[in-house]
Amino acid sequence: MAKFRKKPVQIEAFQMTKERRWDNSEWPEWLNQAWNMEPSEPGCLYCIDEDGLVGPGERLCITTLEGTHAVTFGDWIIQGVKGELYPCKPDIFEATYDAA
1182 MAKFRKKPVQ IEAFQMTKER RWDNSEWPEW LNQAWNMEPS EPGCLYCIDE
1232 DGLVGPGERL CITTLEGTHA VTFGDWIIQG VKGELYPCKP DIFEATYDAA
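Residue numbers (our numbering): 1182 to 1281.
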């Protein structure tokens, strides 16, 4: 079995908290753009209600090429090297990324 090391790439990331969910003044421009996309578009950030329907609610989701991923408070939202968005749990983020 061969071993591989991840290439060093620079990404942008934003940690979503409950406070930041309701006050988007700190959101980076790329996250604001994702918020204004249609929920079916890859890279879209949107919310769902308690029934799982798109609309006003506290639960955030990201549409990716692989499907829909939930964002929980404390997760990092990453903009990858090709502009794609995906959530990352805080412990995985800390183990994988260093500040640039």
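Here a beta-carbon is modelled for each residue, glycine too, at the ideal position from N, C-alpha and C.
9 Å Cβ cutoff met for residue i and residue j
i       : j       : result
His1250 : Ile1259 : no
Met1197 : Asp1272 : no
Ile1214 : Ala1281 : Checking the sequence shown, residue 1214 turns out to be Gln, not Ile. No, Cβ-Cβ distance for Gln1214 and Ala1281 is not below 9 Å.
Cβ-Cβ separation, residue j to residue i (assumed contact under 8 Å), whole Å
i       : j       : result
Asp1230 : Gly1238 : 4 Å
Thr1245 : Tyr1278 : Contact flag wrong, Cβ pair sits at about 18 Å.
Val1252 : Leu1234 : That pair is no contact at about 17 Å.
Phe1195 : Trp1208 : 7 Å
Residue of the options minimising C-alpha distance to residue i
i       : options                   : result
Gly1264 : Phe1185, Glu1193, Lys1270 : Glu1193
Glu1200 : Lys1270, Tyr1227, Phe1254 : Phe1254
Glu1219 : Ala1276, Gly1236, Ala1183 : Gly1236
Rounded C-alpha distance that separates residue i from residue j
i       : j       : result
Lys1188 : Val1262 : 12 Å
Ser1206 : Phe1185 : 39 Å
Glu1210 : Cys1269 : 19 Å
Leu1226 : Phe1274 : 19 Å
Leu1212 : Glu1247 : 19 Å
Glu1222 : Met1182 : 38 Å
Cys1228 : Ala1276 : 28 Å
Trp1203 : Asp1232 : 20 Å
Collapsed DSSP secondary structure at residue i in the structure displayed
i       : result
Ile1259 : strand
Phe1185 : coil
Gln1191 : coil
Thr1277 : helix
Pro1271 : helix
Ser1234 : Here residue 1234 turns out to be Leu, not Ser, going by the sequence shown. Leu1234: coil per DSSP, three-state reduction.
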